[in-house]
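Engineer: The structure is given below, and queries will be raised subsequently.
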Ligand code: CMP
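Residue numbers (the UniProt record's numbering): 2 to 138.
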């Protein structure tokens, strides 16, 4: 069924000039851009977005990283787009992400900085609804 997901091109993706390359893959797959904008989220927005990770060792570095520069937020629609975008993105850690995925092809080995993995995609229908509300209201 047609559904919507939240995609973020994270600060490393925007800073490295990869927004266009990432959007090209999304559009080639046939997904529809319902809304898209450049965002500079404050701490409160990020704490809501990453609430499930609060207390984890990577939480604070992740929030700091997400405030280090602009991201591109995308409301994306398509048939099974939640699972489909995560498949396009590849596994969380760019050093293990398969070739052919966004993280596998563009993700750099930056040691322990796993948070610098170029993109975010909602992981379930519940997360998508919650995250779209946070980023797009
Ligand atoms: P994302 O899909 O946006 O959701 C949580 C983020 O935490 C993840 O991408 C990474 O950017 C970051 N992260 C950093 N370290 C880890 C880790 N060890 N496990 C999971 N996520 C991590």
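The beta carbon of each residue, even a glycine, is placed where N, CA and C say it ideally should be. All figures in this text were calculated on a predicted structure; none of them were measured in a lab.
By Cβ distance, which residues of its chain are closer than 8 angstroms to residue 43, with the 5 residues on each side in sequence left out?
Structural biologist: 68
Engineer: If residue 78 and residue 5 are in contact, beta carbons under 8 angstroms, what's the gap, nearest whole angstrom?
Structural biologist: 5 angstroms
Engineer: 8 angstroms is my cut-off, CB to CB: does residue 14 come that close to chain D?
Structural biologist: This model lacks chain D altogether, as it is built from one protein chain only.
Engineer: Out of curiosity, what's the CA-to-CA distance linking residue 80 and residue 61?
Structural biologist: 34 angstroms
Engineer: Kindly identify the DSSP beta-bridge partner or partners of residue 122.
Structural biologist: 8
Engineer: Do residue 82 and residue 9 have their CB atoms nearer than 8 angstroms?
Structural biologist: No.
Engineer: In the DSSP assignment, what residue or residues form a beta bridge with residue 135?
Structural biologist: Beta-bridge pairing links residue 135 to no other residue.
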